[in-house]
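In this note's numbering, the protein residues as written are 596 to 1085.
Don't be surprised by glycine CBs; every beta carbon is placed ideally from N, CA and C.
For clarity, every value in this text was computed on a predicted model and none was experimentally measured.
Next up, the structure:
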C-alpha cells in the first residue's frame, strides 16, 4: 500500500505513521526530502483485502502534532479460473439457439486474500453493460440472459473487499448467430451455379458474415469460398467438375475478434449435380452381325453410359445396354516387409500430385498387397510414398513416381485446306499434358511427326490425300501418350 500527503507548512523533523487491524499493527518514521511538498509512504507486507486504520503525526523538537487518522483497505487478490459456457438449448429447432451465457469459476482461496464478493460485468457493442455480484460463498456460476445472438461479449471478473476491487480478469466470447432463413441454387452455365440466400433479421442477430462451402458426395473435404460480408445475398461457384454431385452448405458467422468467429452450427444445405459432358466423335467398326463403338471419355465424372439402338427399317429389334465408365485410378502393389526383421502393425501410403490435395491410405500388416487411388487427374505426375508403422512411429519412407496416361482429344478438324498446306485445330483435353504430337503419312507412305504446345498446327504438304494422327503427349519421365485421333484430308 502506498499513501502520500502534503508536508505541513512549519518545520517538521519527521513523520510517524502507524497502522493497525484487529490482528496486526505496525509503525514507521518517515523523513521528507528537502524542499519536498509531499511525503510518500510505501507500507509493505500487508494482507490483501484487509482493512487498516492509518494514523499519521508530524514530529518536531520532541513535540507531536495532532493525529490524522483514516480508514483504508488493501486491494484483494484474485486467483480464480473463469470459464464461459456458450451452449445451445436442447432441441433441433433453429429457434432454440440460446441467448444466455453461463460463467463458471473456481473460488479464490480465502487463505491468500480477504474478500466478501465476486463481481462480474458483461459488455457488448450496442448494449448497456450488465453487472452481477455474488457473495464469496455463493454457487460458482453466474448467468447473463436475453443477449443478442452472434454478438461478441467481454466478461470481466473481480474479487471485492468492501467495494475495493482486485485487478480485473477478462474473457471474450461470442454467441452463436441465428442461421440463414433459406438457400437456393440456380444453374448459370454448364459447370457453374449461383447460390442465393436470405440471412436472419439484423435486429434479431448480429452477423460477422457468411461462409459458403461445397464438396462432392464422394470427397469429405470441404472447399470454402472467401468469407462473405454480412450484407451479401448471393455468390457464384464456378469451375465445377462435369458430372459431379455437389453438396453446398451455407452458415452464418458471429462478430469476430482478431479474425476469429463462430458459426451458427445450423447450416443450410442444397445438393446440385453438374450436367456431364456429352459423348462425341463416336467411331464404329461394323460387321455382318456385330458393331463395335468407340469414343473418347468426356472430361469430368462419368459413372456409366446409356446405350440405345433401334432399326431404321421394319423387322429389326431394338435394344439397350448400360456400360460402366472405366475409372481413373492408380493401383500400388507391394511385397510385405518380413515380420522377422522388424515389428510393425500397418502400412501407410500417401499420394501427392501438383495441384491436388494429398491422399492417404493405411492398411493392416496382414492386408492384401494392393492399394488403389481413384479419381485422379489424367496425365498428372504423382509421387507415392510408403512407410511401415509401429504405433504411429514410421519407418524411413520409400518413394516411387508414376504418371497417368493423358486424355485424348475429342475433335480434330482441318480449318483451312490449301494446295500446299493444311491448318489443323483440336480441342483441349481434360487433365495435364505438355504438348501434342501430330503424325501424317506423305505420298511415299513415309511417317512424319511434328510436335506443338498449341491447339493447332499448319503442315506444309503437296496436293494429295493424307491421314493425320493426333496424340496428347506427356514426355516428362514416362513418355506417356494418349489414344490416337485420326483424320483423313484430301
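- The beta-carbon separation of residue 848 and residue 805, rounded to 6 Å, stays under the 8 Å limit for a contact.
- Using a 10 angstroms sphere on the CB of residue 706, the tally of other CB atoms stays under 16, which defines it as exposed.
- Under the DSSP assignment, residue 982 falls in the beta strand (DSSP E) whose first and last residues are 976-985.
- Around the beta carbon of residue 950, a 10 Å sphere encloses fewer than 16 other beta carbons of the protein chains shown; the residue is thus reported as exposed.
- The three-state reading of DSSP puts residue 832 in strand, counting E and B together.
- Taking C-beta atoms under 8 Å as the contact rule, residue 800 and residue 862 fail to qualify, at a distance of about 15 Å.
- The three-state secondary structure of residue 846, taken from DSSP, is strand.
- In the three-state scheme derived from DSSP, where H, G and I count as helix and E and B as strand, residue 966 is classed as strand.
- About 42 Å separates the beta carbons of residue 1023 and residue 984, which is beyond the 8 Å limit, so they are not a contact pair.
- Under the three-state reduction of DSSP output, residue 896 falls in the coil class, being neither helix nor strand.
- For the 8 Å CB-CB criterion, residue 802 and residue 825 form a contact.
- For residue 717 and residue 946, the gap between their C-alpha atoms comes out near 51 Å.
- In the three-state reduction of the DSSP assignment, residue 890 falls in the coil class, being assigned neither a helical nor a strand state.
- Ranked by how close their Cα comes to the Cα of residue 891, the residues 939, 846 and 1007 have 1007 in first place.
- Between the region 1012-1021 and the region 966-982 there are fewer than three C-beta pairs closer than 8 Å, too few to call the two in contact.
- With contacts defined by Cβ atoms closer than 8 Å, residue 925 and residue 971 form a contacting pair.
- In the structure shown, residue 656 falls within a coil segment according to DSSP collapsed to helix, strand and coil.
- For residue 949, there is no enclosing beta strand (DSSP E), since its DSSP letter is neither H nor E.
- Here DSSP, grouped into helix, strand and coil, assigns residue 1000 to coil.
- Annotation: residue 770 to residue 634 spans about 51 Å, alpha carbon to alpha carbon.
- Apart from the 5 residues on each side of it in sequence, residue 887 sits with its Cβ closer than 6 Å to the Cβ of 880 in its chain, given in chain order.
- Secondary structure of residue 840 (DSSP, three-state): strand.
- Residue environment for residue 783: exposed (fewer than 16 other C-beta atoms within 10 angstroms of its C-beta).
- The count of Cβ pairs closer than 8 Å, one atom from the region 725-744 and one from the region 643-653, stays below three, leaving the stretches out of contact.
- With a beta-carbon spacing of about 4 Å, residue 768 and residue 679 fall inside the 8 Å limit used to define contacts.
- Counting along the chain, the unbroken beta strand (DSSP E) around residue 919 starts and ends at 914-919.
- Comparing alpha carbon positions, the residue from 762, 1036 and 954 closest to residue 969 is 954.
- Here residue 961 is exposed, its C-beta having fewer than 16 other C-beta atoms within 10 Å.
- Taking one beta carbon from each stretch, the region 825-837 and the region 860-874 have 3 or more pairs nearer than 8 Å; the two touch.
- CA-CA distance, residue 1036 to residue 989, rounds to 55 Å.
- Assignment of residue 669 by DSSP, reduced to helix, strand and coil, places it in the coil class.
- Rounded to whole angstroms, residue 676 and residue 666 show a C-alpha spacing of 31 Å.
- DSSP links residue 714 through a beta bridge to 728 and 753.
- Remark: three or more beta-carbon pairs, one from each stretch, lie closer than 8 Å, so the region 694-710 and the region 727-741 are flagged as touching.
- Linking residue 940 to residue 934 through their CA atoms gives a straight-line distance of about 10 Å.
- Ranked by Cα distance from residue 750, the first of 727, 937, 760 and 845 is 727.
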